[in-house]
Amino acid sequence: MTSVFIHNFGCRVNQAEAFEWSAKLAEVGIKVEKDWRKSQIIVVNSCALTSRAEADVRQFLRRLSREAPHSKVIVTGCLTEKSQQYFKSFSNISMFIPNSAKSNLVDEVRRLSGNQGEKIEKSLYRSRALIKVQDGCDAHCTFCLIPSLRGKSRSVPLKEVVGQVKKIVAEGYQEVGLAGIHLNAYGLDLSPKSSLVSLLKELVRIPGLNYLHLSSLDPRLLTPELLDFMVKEEKICPHFHLSLQHASPSVLKKMGRKSTPKDYSLILDYLRNGRPEASLGADILVGFPAEEESDYLFLKDFLTSSPLTYFHVFSFSPREGTPAAEWPPVEEKIKKQRADELRCLSREKNLAFKKSFLGKVLPAIVVKKKGLEVEALTTNYFKIRLPVTETTCPGNLIRVRITDVNYYEVKGEQA
Numbered sequence: 275m276t277s278v279f280i281h282n283f284g285c286r287v288n289q290a291e292a293f294e295w296s297a298k299l300a301e302v303g304i305k306v307e308k309d310w311r312k313s314q315i316i317v318v319n320s321c322a323l324t325s326r327a328e329a330d331v332r333q334f335l336r337r338l339s340r341e342a343p344h345s346k347v348i349v350t351g352c353l354t355e356k357s358q359q360y361f362k363s364f365s366n367i368s369m370f371i372p373n374s375a376k377s378n379l380v381d382e383v384r385r386l387s388g389n390q391g392e393k394i395e396k397s398l399y400r401s402r403a404l405i406k407v408q409d410g411c412d413a414h415c416t417f418c419l420i421p422s423l424r425g426k427s428r429s430v431p432l433k434e435v436v437g438q439v440k441k442i443v444a445e446g447y448q449e450v451g452l453a454g455i456h457l458n459a460y461g462l463d464l465s466p467k468s469s470l471v472s473l474l475k476e477l478v479r480i481p482g483l484n485y486l487h488l489s490s491l492d493p494r495l496l497t498p499e500l501l502d503f504m505v506k507e508e509k510i511c512p513h514f515h516l517s518l519q520h521a522s523p524s525v526l527k528k529m530g531r532k533s534t535p536k537d538y539s540l541i542l543d544y545l546r547n548g549r550p551e552a553s554l555g556a557d558i559l560v561g562f563p564a565e566e567e568s569d570y571l572f573l574k575d576f577l578t579s580s581p582l583t584y585f586h587v588f589s590f591s592p593r594e595g596t597p598a599a600e601w602p603p604v605e606e607k608i609k610k611q612r613a614d615e616l617r618c619l620s621r622e623k624n625l626a627f628k629k630s631f632l633g634k635v636l637p638a639i640v641v642k643k644k645g646l647e648v649e650a651l652t653t654n655y656f657k658i659r660l661p662v663t664e665t666t667c668p669g670n671l672i673r674v675r676i677t678d679v680n681y682y683e684v685k686g687e688q689a
């Protein structure tokens, strides 16, 4: 039987695409492996958001050249849109599939494999699904390549998303995540126009769907109606991640982001007051060419006093073809120092937030079993280790009491 391994780099949209491919490959009798060493075909879903992401893709491809020289490798994703020159030295790459042709990937895998297999029965236990409802971006921030790599914003029609989620729920999934490059631009390109909140209102009516999880949201498009729905609808997971990028007004302006720190504070306070249990996260970019010491200190003070519980910190890396790539850079040493400081701050804030739940009970979904323990994920996205019981099968919804928290893990027991 032909088998394939899918290796994702980058965003939740890539993960959602891999989820869809895995399901379709099983339908046509191609097994999706968890170990690339056992696979005849390896799909690399690449990322080009940062220079580090590109380097990680190339490093993995070099490893495949050494350790799996006879495997057939398909490279897709954003790095194929940027340049295929990167891949000339990799002799085992069989095919490039650009973002615009990703819908053909399953057919291309079948062609490479000569597959004539029968449908593979899926696992009995299903916990969390992830679907792509939007792709592309119209924002054109001055540091970002994504609009040129992913194209204009495009939404999956509302009825199609509803049908997809109904099918997923019927298969036994308890939670569905919605992914998009610019998720809360959902529906603005449709005719007639729709919106993310309109989609959410339809999805929460689906019988058997317990939770909806939202991927990263742009604060510029968080309407009062959407915010209100996010805090009041119990089926929306209390885990909200925002693409803030910075807080200094001057840096935000040069980034091309029409937001202010006051806007951010109002949104974060509204989410915190409406969902006290919510994990609130953000993407933060340090070392942007316009970032003076005073801008950095403003950002650090903002993050310290904000209700954010964690942040993903990225150091600016110039992307050829963007305006910011032409501007005078911040010294690498300074960028690293600032990024390290903010990552440390994030760890401390996240630990304090998790400790506030000691002794409390949270709803969770069992994700996988590891020996005598299981890993569960709470609705506010704490990964928790707890002992195996008769009812802690993967896919089950349980209630967990938090018993121990440290920098590295959260432990609990079934309540």
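Under this note's numbering, read the sequence shown as residues 275 to 689, first letter to last.
All C-beta atoms, glycine included, are put in the ideal place defined by N, C-alpha and C.
Checklist line | Other residues of its chain near K657: CB distance less than 7 Å, five sequence neighbours each side excluded | finding: Residues of the same chain with a CB within less than 7 Å of the CB of K657, apart from the 5 flanking positions on each side, are E649, L651 and V684 in chain order.
Notebook entry, point to check: Any chance the region 451 to 471 sits against the region 418 to 432, with 3 or more Cβ pairs inside 8 Å?
Noted result: Contact holds between the region 451 to 471 and the region 418 to 432, because three or more Cβ pairs, one in each stretch, are under 8 Å apart.
Next item on the list: Label N624 either buried or exposed according to how many other C-beta atoms from any shown protein chain fall within 10 Å of its C-beta, with 16 as the threshold for buried.
Entry: Counting other Cβ atoms within 10 Å of its Cβ, N624 reaches 16 or more and is therefore classed as buried.
Note to self: Any heavy atom of the ligand PLP inside 7 Å of the beta-carbon of L486?
What the structure shows: In terms of ligand content, the structure shown is empty, and the ligand PLP therefore cannot be addressed.
Check: Would the region 298 to 309 and the region 279 to 286 be scored as touching if the rule is three or more Cβ pairs under 8 Å?
Finding: With the cut-off at 8 Å, the region 298 to 309 and the region 279 to 286 touch.
Check: Beta carbon of V560, beta carbon of S589: below 8 Å?
Finding: Taking 8 Å as the Cβ cut-off, V560 and S589 qualify as a contacting pair.
Note to self: For P481, tell me which candidate among E445, C511, S489 and Y682 has the shortest Cα-Cα distance.
What the structure shows: Closest option to P481, judged by alpha-carbon separation, among E445, C511, S489 and Y682: E445.
Margin query: Rounding to the nearest angstrom, what Cα-Cα distance links L477 and L323 in this structure?
Written below: Near 31 Å, if we compare the C-alpha coordinates of L323 and L477.
Margin query: Between S377, F293 and V436, which has its C-alpha nearest R479's C-alpha?
Written below: The shortest C-alpha separation from R479 is found at V436.
Check: Do the CB positions of K441 and E291 come within less than 8 Å of each other?
Finding: In this structure, K441 keeps its C-beta atom at 8 Å or more from the C-beta atom of E291.
Notebook entry, point to check: Exposed or buried, what is Y681 when buried is set at 16 or more other beta-carbons lying within 10 Å of its beta-carbon?
Noted result: Of the other Cβ atoms in all chains shown, fewer than 16 fall within 10 Å of the Cβ of Y681; this residue is therefore exposed.
Notebook entry, point to check: DSSP three-state call for R675: helix, strand or coil?
Noted result: Correct three-state label for R675: strand.
Notebook entry, point to check: Opposite K467 in the DSSP bridges: which residues?
Noted result: Answer is none; K467 lacks a bridge partner.
Note to self: Looking at A598: is its Cβ nearer than 8 Å to the Cβ of F562?
What the structure shows: Yes.
Note to self: Using C-beta distances below 7 Å, list every residue in its chain close to L496, excluding the 5 sequence neighbours before and after it, in chain order.
What the structure shows: N458 and I541, listed in sequence order.
Notebook entry, point to check: Would DSSP call G482 helix, strand or coil?
Noted result: Note: G482 maps to coil in three-state DSSP.
Item checked: V648 - DSSP class collapsed to helix/strand/coil -> In the structure shown, V648 sits in a strand (DSSP, three-state: E or B).
Note to self: I need the straight-line Cα distance from P602 to C418, nearest angstrom please.
What the structure shows: When the Cα atoms are used, P602 and C418 turn out to be separated by approximately 17 Å.
Next item on the list: Could you tell me which residues DSSP puts in a beta bridge with L491?
Entry: Looking at the DSSP output, L491 shares a beta bridge with L516.
Item checked: Identity of the residues DSSP links to Q611 by a beta bridge -> When beta bridges are read from the DSSP output, Q611 appears opposite no residue.
Margin query: Within 10 Å of its beta-carbon, does T354 have 16 or more other beta-carbons around it, so buried, or fewer, so exposed?
Written below: Buried, by the Cβ-count rule.
Notebook entry, point to check: Could you give the distance in angstroms between the alpha-carbon of L452 and the alpha-carbon of A403?
Noted result: About 9 Å.
Notebook entry, point to check: Any idea if L398 is buried or exposed, counting beta-carbon neighbours within 10 angstroms, 16 or more meaning buried?
Noted result: Per-residue confidence for L398 stands at a pLDDT of 42, beneath the threshold of 50, marking its modelled position as unreliable; no derived number is given.
Notebook entry, point to check: Which class does P372 belong to by DSSP, given the choice of helix, strand or coil?
Noted result: Three-state result, P372: coil.
Check: With burial defined as no fewer than 16 other Cβ atoms inside 10 Å of the residue's Cβ, what is the status of T663: buried or exposed?
Finding: Here T663 is exposed, its C-beta having fewer than 16 other C-beta atoms within 10 Å.
Check: Where do the N-terminal and C-terminal ends of the beta strand (DSSP E) with Q688 fall, by residue?
Finding: That run of the beta strand (DSSP E) goes V684 to Q688.
Next item on the list: Name the two residues that bound the continuous alpha helix (DSSP H) containing S553.
Entry: According to the DSSP assignment, S553 belongs to no alpha helix (DSSP H) but to the beta strand (DSSP E) extending over S553 to V560.
Next item on the list: Report the residue ranges of all beta strand (DSSP E) runs contained in full by the region 295 to 319; include only those spanning at least 3 residues, in chain order.
Entry: As far as the region 295 to 319 is concerned, it has no whole beta strand (DSSP E) run of at least 3 residues.
Next item on the list: Count the other CB atoms, across all protein chains shown, that sit within 10 Å of the CB of P512; report buried if there are 16 or more and exposed otherwise.
Entry: Buried is the call here.
Item checked: Continuous alpha helix (DSSP H) stretch holding Q690: start and end -> Because the chain is modelled from 275 through 689, residue 690 falls outside the range shown and cannot be assessed.
Check: What's the call for L616, buried or exposed, on a 16-neighbour Cβ count within 10 Å?
Finding: Buried.
Check: For K376, which residues of its own chain have a beta-carbon under 7 Å away from its beta-carbon, when the five flanking residues on both sides are left out?
Finding: Here the set comprises E291 and T350.
Note to self: Suppose you measure from the CA of G686 to the CA of S363; what does that come to, to the nearest Å?
What the structure shows: Taking the straight line from one Cα to the other gives about 49 Å.
Notebook entry, point to check: Which two residues bound the contiguous beta strand (DSSP E) that contains Q408?
Noted result: Start and end: R402 to D409.
Notebook entry, point to check: Would S320 pass as a contact of C352 if the rule is Cβ separation under 8 Å?
Noted result: Going by C-beta atoms, S320 is nearer than 8 Å to C352.
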